[in-house]
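This report concerns only the one structure given below.
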Amino acid sequence: MSKLRVGIIFGGRSADNDLSLHSAGNRVAAMARSRFGPLLIATDKAGHVHPYDTSSCSLNWDQPALLPLNRSNRALAGPS
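Now the structure itself:
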């Protein structure tokens, strides 16, 4: 049986950016990884949208400043 992909969008331009990242970490940790595959999409504080590397999704969720966004690719979208 293939895994169902679940999109989790987090971050943002507001002061609650760090809280959003922490919440996303809680969602990923609670996800039944045998049944679901997370597709993580992060918005940085500047408003740029980036794919998030799912291989490191368990790292540093308690310290949002240390969460690495995938900057090797161009942003998927940016502020208007």
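With our numbering applied, the sequence shown covers 3 to 82. Glycine included, C-beta positions come from ideal geometry on N, C-alpha and C.
As a beta-bridge residue in DSSP terms, arginine 7 pairs with Gly39. With a threshold of 16 other beta carbon atoms within 10 Å, leucine 23 meets it and is buried.
Taking the Cβ atoms as the reference, leucine 41 lies roughly 17 Å from glycine 14, outside the contact range of under 8 Å. Counted as a single uninterrupted DSSP element, the alpha helix (DSSP H) harbouring histidine 24 occupies residues 19-32. Within the same chain, and ignoring the five residues on either side of lysine 5 in sequence, the residues whose Cβ sits closer than 7 Å to its Cβ are Arg37, Phe38 and Gly39.
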